[in-house]
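Residues in the sequence shown are numbered from 677 upward in steps of one, following our numbering. Beta carbons: idealized from backbone N, C-alpha and C, even for Gly. Take a look at the structure below.
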Amino acid sequence: MPNTNAINEDVQNPPAKPGLRNLYAELAKIRLSLLVVVTTGAGFIMASPNGIDWLMLLWTVLGTTACAGSAAALNQLAERSRDMKMHRTAKRPLPAGHLSPAHAFIFGIVLAYIGVAILSFGANIASAGIALLTILVYVLVYTPLKPLTSFNTLVGAVVGALPPLIGWVAASDGISSGGWILAGILFIWQIPHFLALAWMYRDDYERGGFKMLPTIDASGELTARVSVMTSLCLIPLALLMTVIGETGILFAVAGSTLGAFMTIKSITFWRKRDDASAKRLFFASIIYLPLIIVVMLIDRETIQWIEIGTSNV
Numbered sequence: 677m678p679n680t681n682a683i684n685e686d687v688q689n690p691p692a693k694p695g696l697r698n699l700y701a702e703l704a705k706i707r708l709s710l711l712v713v714v715t716t717g718a719g720f721i722m723a724s725p726n727g728i729d730w731l732m733l734l735w736t737v738l739g740t741t742a743c744a745g746s747a748a749a750l751n752q753l754a755e756r757s758r759d760m761k762m763h764r765t766a767k768r769p770l771p772a773g774h775l776s777p778a779h780a781f782i783f784g785i786v787l788a789y790i791g792v793a794i795l796s797f798g799a800n801i802a803s804a805g806i807a808l809l810t811i812l813v814y815v816l817v818y819t820p821l822k823p824l825t826s827f828n829t830l831v832g833a834v835v836g837a838l839p840p841l842i843g844w845v846a847a848s849d850g851i852s853s854g855g856w857i858l859a860g861i862l863f864i865w866q867i868p869h870f871l872a873l874a875w876m877y878r879d880d881y882e883r884g885g886f887k888m889l890p891t892i893d894a895s896g897e898l899t900a901r902v903s904v905m906t907s908l909c910l911i912p913l914a915l916l917m918t919v920i921g922e923t924g925i926l927f928a929v930a931g932s933t934l935g936a937f938m939t940i941k942s943i944t945f946w947r948k949r950d951d952a953s954a955k956r957l958f959f960a961s962i963i964y965l966p967l968i969i970v971v972m973l974i975d976r977e978t979i980q981w982i983e984i985g986t987s988n989v
């Protein structure tokens, strides 16, 4: 017989609703914002050859993070009905009923205003403009494309590549070739990263009605081939950063090695096309990004110290 006492207790004492702070953090995808902080900061530091303006760096990171949170909140608002159908997203604040759509909309708009204002006054208008463009493309282009075409991943990758450009523009009032290469690395990196994730959750994405490449590529052949080709592109991009003088030999060696590491994991995924190999590729991509940025910044600082030492001789 069912335990009626336990059932009655569940009815009388439903699970506690998460606090508003936690709901806001989840709506803004605050953990994902760490990626924005790292890439924006990297772009800012790389574009600061004559010393880092730490206060401006702080404002730039805060403003960009607020804009990223705005885009995440408005995206979840638009996708709330689809999120209800997916196991991975059903417990988010909107599909779970913890926040109303109006509440989420106001939260997203306020974050956008805060982020753009911080960048405008704490950095410059150009960085604020790129941040605003990021929100608009993410919400008005990328989000509507997700149920329509698998090419949405490319649009999403463009948006994800913009934070380092925001940092670069904030520090230098312009974008040099190094900024474009850094954005290119981030753009390319996202493709195998998200294809691996989409492969692991392909049934869930299909349940939600999203057209990800793995949901229309039953064999996984095309998904894996794209992962291999894009991972391979990470190697020449790392070398190119050294060729133009933004980094030295350390980054060339480490960057190409990390790119080869991603490529090997992608090839394994192509050969096996199972969840286990996709998971290994996904975690390889998580390892790749912080390492490539740390090495880039260390190498950049080393070059600057050498230049300073040479000029003083």
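Asked	Found
Cα separation between A859 and L841?	7 Å
Hey, how far is the Cα of T694 from the Cα of I968?	Checking the sequence shown, residue 694 turns out to be Pro, not Thr. Looking at the two C-alpha atoms, the distance is approximately 36 Å.
How is T680 classed by DSSP in three states: helix, strand or coil?	Only weak support exists for where T680 lies, its pLDDT of 48 falling under 50; the value from the coordinates is given anyway. In this structure, T680 counts as helix in the three-state DSSP scheme.
What's the call for H763, buried or exposed, on a 16-neighbour Cβ count within 10 Å?	exposed
Give a yes or no on whether the C-beta atoms belonging to S953 and T906 are separated by under 9 Å.	no
Quick one: using the 10 Å Cβ neighbour count with 16 as the cut-off for buried, is N726 buried or exposed?	exposed
So, at 6 Å on beta carbons, what are the nonlocal neighbours of V813 in its own chain, with the 5 sequence-adjacent residues on each side left out?	V835
Under a Cβ-count criterion, where at least 16 other Cβ atoms within 10 Å of its own Cβ denotes burial, should G745 be classed as buried or exposed?	buried
Could you tell me the alpha carbon to alpha carbon distance between I851 and V817, rounded to whole angstroms?	24 Å
Return the chain-ordered list of same chain residues with a C-beta closer than 8 Å to the C-beta of T825, the five sequence neighbours on each side being excluded.	K887
Comparing C-alpha positions only, which one of F945, V792, A778, L830 sits nearest to L738?	V792
Under 7 Å Cβ to Cβ from A749, same chain only, skipping five residues before and after it: list those, please.	L703, A704, A780, F783, G784, L787
What separation, rounded to the nearest whole angstrom, lies between the Cα atoms of T810 and Q866?	16 Å
Quick one: Cα of K822 to Cα of E922, how far?	36 Å
Is K941 helix, strand or coil by DSSP?	helix
Considering F783, what are the terminal residues of the alpha helix (DSSP H) in which it resides?	777-798
Sorted by chain position, which residues of the same chain lie with C-beta nearer than 7 Å to V904's C-beta, five sequence neighbours on each side aside?	T939, S942, I943, W946
Excluding five sequence neighbours on each side, which residues of the same chain lie with their C-beta closer than 8 Å to the C-beta of V714?	L965, P966, I969
In terms of residue numbering, what span does the alpha helix (DSSP H) encompassing A846 cover?	838-848
Looking at G924: is its Cβ nearer than 9 Å to the Cβ of L910?	no
Alpha carbon to alpha carbon, how far is F797 from M760?	39 Å
Restricting to Cα atoms, I'd like to know which of V919, W730, A872 is closest to L957.	A872
Threshold first: 4 residues or longer. Then list the alpha helix (DSSP H) segments lying entirely within the segment 711-747, N to C.	none
Considering only the beta carbon of each residue, do L913 and I974 sit closer than 9 Å?	no
What does the alpha-carbon distance come out to for the pair L733 and A742?	14 Å
Using only the alpha-carbon positions, how far apart do T819 and G885 sit?	12 Å
With 16 as the cutoff for other CB atoms within 10 Å, does N698 come out buried or exposed?	exposed
With respect to the alpha helix (DSSP H) encompassing A859, which residues constitute its N-terminal and C-terminal limits?	853-876
Take the Cβ of Y877 as the centre, count every other Cβ of all protein chains shown within 10 Å, and call the residue buried at 16 or more, exposed below.	buried
Please work out which residues of its chain come closer than 8 Å, Cβ to Cβ, to P777, disregarding the five sequence neighbours upstream and downstream, and give them in chain order.	L753, R756, L770
Give the DSSP-derived three-state secondary structure of E977 in the structure shown.	helix
Could you give the distance in angstroms between the alpha-carbon of I984 and the alpha-carbon of E977?	In this prediction, I984 has a pLDDT of 49, which is less than 50 and means its spatial position is unreliable; nothing more can be read from the coordinates.
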